[in-house]
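The listed protein sequences derive, respectively, from chains P and C. Position in the first sequence (from 1) plus 51 gives the number in our numbering. Position in the second sequence (from 1) plus 212 gives the number in our numbering. No residue lacks a Cβ here, since even glycine has one placed at the ideal position from N, Cα and C.
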Amino acid sequence: MEIFLEAIPLVFDPYVLTVILLSGMFGLFMGAIPGLSATMATALLVPVTFFMPPVPALAAVVTATAMAIFAGDLPGALLRIPGTPASAAYTDEAFAMTRKGKAELVLGTGLVAAVIGGLFGAVVLTFTAPFLAKFALKFSSFEYFWLACLGLTCAAFISSDSPGKGGLSLLIGLLIATVGLDPMSGQPRFTFGSVELMGGVNFIPAMIGMFALAEVLRTVTAVRPPPKVEQSTIGNIFAGLGPVLLRYRKNLFRGSVIGVLVGALPGAGSDIAAWISYAVAKKFSKEPEKFGTGHVEGIVDSGASNNAGLGGTWVPALVFGIPGDSITAIVIGVLYVKGMNPGPTVFLDQPELIYAVFVSFFVANILLLPLGYAAIKSSKQLLRVPRNVLMPIILMFCIVGTFAINNTVFGIGIMLALGLLAYLMEENGFPIAPAILGLVLGGLLEDSFMTSMIKSNGSMLAFFERPLSAVLGAVTILIWVSPFIVRLRRRGASPAGDT
Amino acid sequence: MKVNDAISGLLFVLLAGAIYYVTRNFPIMPGQDYGAAFFPRTIATFMAILGALLMIRGIREREAGPVAEPFEWMRSPGLVANFLLVVGALIFYIAVSDRLGFVITAFITLYALLFWLRGRRFWLSSLAISVVSVIVLQQFFGQFLRVPLPWGVLEAYAW
Numbered sequence: 052m053e054i055f056l057e058a059i060p061l062v063f064d065p066y067v068l069t070v071i072l073l074s075g076m077f078g079l080f081m082g083a084i085p086g087l088s089a090t091m092a093t094a095l096l097v098p099v100t101f102f103m104p105p106v107p108a109l110a111a112v113v114t115a116t117a118m119a120i121f122a123g124d125l126p127g128a129l130l131r132i133p134g135t136p137a138s139a140a141y142t143d144e145a146f147a148m149t150r151k152g153k154a155e156l157v158l159g160t161g162l163v164a165a166v167i168g169g170l171f172g173a174v175v176l177t178f179t180a181p182f183l184a185k186f187a188l189k190f191s192s193f194e195y196f197w198l199a200c201l202g203l204t205c206a207a208f209i210s211s212d213s214p215g216k217g218g219l220s221l222l223i224g225l226l227i228a229t230v231g232l233d234p235m236s237g238q239p240r241f242t243f244g245s246v247e248l249m250g251g252v253n254f255i256p257a258m259i260g261m262f263a264l265a266e267v268l269r270t271v272t273a274v275r276p277p278p279k280v281e282q283s284t285i286g287n288i289f290a291g292l293g294p295v296l297l298r299y300r301k302n303l304f305r306g307s308v309i310g311v312l313v314g315a316l317p318g319a320g321s322d323i324a325a326w327i328s329y330a331v332a333k334k335f336s337k338e339p340e341k342f343g344t345g346h347v348e349g350i351v352d353s354g355a356s357n358n359a360g361l362g363g364t365w366v367p368a369l370v371f372g373i374p375g376d377s378i379t380a381i382v383i384g385v386l387y388v389k390g391m392n393p394g395p396t397v398f399l400d401q402p403e404l405i406y407a408v409f410v411s412f413f414v415a416n417i418l419l420l421p422l423g424y425a426a427i428k429s430s431k432q433l434l435r436v437p438r439n440v441l442m443p444i445i446l447m448f449c450i451v452g453t454f455a456i457n458n459t460v461f462g463i464g465i466m467l468a469l470g471l472l473a474y475l476m477e478e479n480g481f482p483i484a485p486a487i488l489g490l491v492l493g494g495l496l497e498d499s500f501m502t503s504m505i506k507s508n509g510s511m512l513a514f515f516e517r518p519l520s521a522v523l524g525a526v527t528i529l530i531w532v533s534p535f536i537v538r539l540r541r542r543g544a545s546p547a548g549d550t
Numbered sequence: 213m214k215v216n217d218a219i220s221g222l223l224f225v226l227l228a229g230a231i232y233y234v235t236r237n238f239p240i241m242p243g244q245d246y247g248a249a250f251f252p253r254t255i256a257t258f259m260a261i262l263g264a265l266l267m268i269r270g271i272r273e274r275e276a277g278p279v280a281e282p283f284e285w286m287r288s289p290g291l292v293a294n295f296l297l298v299v300g301a302l303i304f305y306i307a308v309s310d311r312l313g314f315v316i317t318a319f320i321t322l323y324a325l326l327f328w329l330r331g332r333r334f335w336l337s338s339l340a341i342s343v344v345s346v347i348v349l350q351q352f353f354g355q356f357l358r359v360p361l362p363w364g365v366l367e368a369y370a371w
């Protein structure tokens, strides 16, 4: 607790607060514009945070993502297009409310639910992460190997309807991570004689390409033009909000809890938290028949859930260095750049920096109230920003941001190549998030495997000798084989084969 | 190009084979069975398995759709041009930015994209947006963050 108090002045510093304010506005803008997601906001923010000290850098990412996840509700309610995937679960519901003339209520509910959910996530993060870190100090390279496997496996399984495609995407990421000099033997791998590739593929150009450039390409080739805003003015968003929140206070709590838990699962982030919360709200509602017709109940649940999920995703990221979703995968990369190797030791070595992250979670979510209010009020203008102006500017930003990392145009080539790859993959049903997780975790996975092998003189059984590592290993392998078991059992039930 | 899963699966199997081929001469660590090739080959093995499974699924579902079909936007010459222009802009920037410098290259890239995407009617506002954006980017990254953006032919006029 003392460290928490010590960390407060680190955040309440004019420079850091300015960074928070600016990144908050940036996040709202990115989240509100369909096609520009919270992940893309983070990807574009990273080259700028590259030049900052750790505290403002991490505070910027925390704030921008919290704002972007909320702002995704704006186009969802007004245009029926989710601004970020995290709002997709309740976009139809929100738009139905706008159709009924309740745009103020749905946006107000979304905002307050987001603030409450976000704060809940911040509280859980602050109290559980240091506790888990103490436990994680017992881990050796064997446990880390399994943890990395587990994180990657969940990512592949959760992010796609087809675990096979998620797995292949993951393998592409891992393969890209092997490019460069092998850390153990110094053998160049897949460099094809290029000196620039010997240092490996830097993850910043890679993620700018995969998340930002791919999205630019998708936008400029959109076959249908974006729809226009229906409602002209937004009135008082707080009118009639009190009774709604009071009536659904249990939903607020339930949504927040589900959000944090789902967020903390490796591989699942805010978008999945919102889907699950919406489904749970419908299942336990007294009036489930109203869902889908413009009923506010599910929005309370899932609106709180997606922002609470953000806090949850940081728990495994900070404690184990295993990202919960694509945003924290980027964060892990940022932590490494800042010399704060994520994992339990960072809680011992630089606790004030970690606690500063917690403090900025609180600041960001409180700031969400006024900034979110302003964004709702100016949503009409915000949603009218022409994409044909934005896309070239974002492209230019991608170029400069990539160049800023290594100061060579080679990085821009990497960005272009991986952007095209990500575009092709996504259009063919391959999710992108596992590839980024693979790229970020590939090094850790190989290092912990090789270190363990040296320790055990090459005996694979060593991975199951320590009790903790045996449990983690068994869980991982169980998840791997579960699709086959499910299929076999299904086949037993219906001899015809495919259901 | 949107392709049947059998084709994407096949590509992954081929990629796995290529990884095996490229890593054939990687040295192993003294006293160990594992070397630089171990991790890439493990990836390749998983890739081959998952790729083969994807092929089987694709072949089973071959009736569901065509083997390969172009993306919807490929039927519209305007959208194809948009796509090519974005990719071309990046290649152009990579090729000439060192020589011409950031300010000129970025301006040409940005103005070409804006002019094409927004239409001739907005030539003046596109011009203004390009000039302002380039100056803001140069000031923010070049001056404030001290990124050594190349000046190229404008070296003598660097500010």
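The three-state secondary structure of E338(P), taken from DSSP, is coil. A distance below 7 Å between beta-carbons, with the five flanking residues on each side excluded, links S499(P) to the following residues of its chain, in chain order: S192, Y195, F196 and A199. Residue environment analysis places N294(C) among the buried positions, since at least 16 neighbouring C-beta atoms fall within 10 angstroms of its C-beta. Between K214(C) and A276(C) a beta carbon distance of about 12 Å is seen, past the 8 Å cut, so the two are scored as non-contacting.
When DSSP reads this structure, K185(P) sits in no beta bridge, so it has no partner.
By DSSP's assignment, P239(P) forms a beta bridge with L232(P). In the DSSP assignment, G250(P) is bridged to no other residue. In the structure shown, A273(P) adopts coil according to DSSP, grouped into three states. Sequence-ordered contacts of the region 267-280 of chain P with chain C read V267, L268, V271, T272 and V274 [C-beta pairs closer than 7 Å]. The continuous stretches of alpha helix (DSSP H) do not include K279(P), and DSSP gives it neither H nor E. Check the Cα spacing between L369(P) and each of P402(P), G345(P), N357(P) and K337(P): the tightest is with P402(P). Taking a contact as a CB-CB distance under 8 Å, the pair V440(P) and L297(C) does not count as one, their CB atoms being some 15 Å apart. Residues of chain P whose Cβ lies closer than 8 Å to the Cβ of L262(C) are, in chain order, G215, G218, L219 and L222. Residues of chain P with a Cβ closer than 9 Å to the Cβ of L291(C) are, in chain order, V271, T272, A273 and V274. By the rule that beta-carbons nearer than 7 Å mark a contact, G202(P) does not touch chain C. For the region 225-237 of chain P, the beta-carbon criterion of a distance under 7 Å to any beta-carbon of chain C is satisfied by L225, L226, T229, D233, M235 and S236.
At a C-beta separation below 7 Å, Y305(C) has these neighbours in chain P: I450 and I463. In chain order, F254, P374, A380, I383 and G384 place their CB closer than 7 Å to the CB of V491(P), counting only its own chain and leaving out the 5 sequence neighbours on each side. Using a CB distance cut-off of 7 Å, R330(C) counts as an interface residue toward chain P. Residues M148, I288, A290, G291, L292, V295 and V347 of the same chain have their beta carbon placed closer than 8 Å to that of L156(P), with the five preceding and five following residues left out of the count. At a cut-off of 7 Å between C-beta atoms, I487(P) does not count as an interface residue with respect to chain C. For A455(P), the chain C residues whose C-beta falls within less than 8 Å of its own C-beta are F353, L357 and V359, listed in chain order. Contact between the region 117-136 of chain P and the region 424-436 of chain P is established, with three or more Cβ pairs separated by less than 8 Å.
Per DSSP, reduced to three states, the secondary structure at I536(P) is helical. Here S321(P) is near A137(P), since their CB atoms are less than 7 Å apart. Secondary structure at G462(P): helix, using DSSP grouped into helix, strand and coil. Taking C-beta atoms under 8 Å as the contact rule, A83(P) and S430(P) qualify, at a distance of about 7 Å. Proximity of the region 164-176 of chain P to the region 352-365 of chain P meets the contact definition, three or more beta-carbon pairs being nearer than 8 Å. The alpha-carbon of A184(P) is positioned some 10 Å away from that of P393(P). Taking a 10 Å sphere around the C-beta of Y323(C), we find 16 or more other C-beta atoms and assign the residue as buried. Among the CB atoms of chain C, one or more fall inside 7 Å of the CB of P443(P). When the beta-carbon positions are compared, L96(P) and A111(P) come within less than 7 Å of each other. Between A273(P) and the set M442(P), A92(P), A207(P) and S353(P), the nearest pair of CA atoms involves M442(P). Interface annotation, F258(C): in contact with chain P, CB-CB separation under 7 Å. Here K214(C) is bridged, per DSSP, to E281(C). Listed in chain order, the beta strand (DSSP E) elements of length 3 or more contained wholly in the region 292-335 of chain P amount to none.
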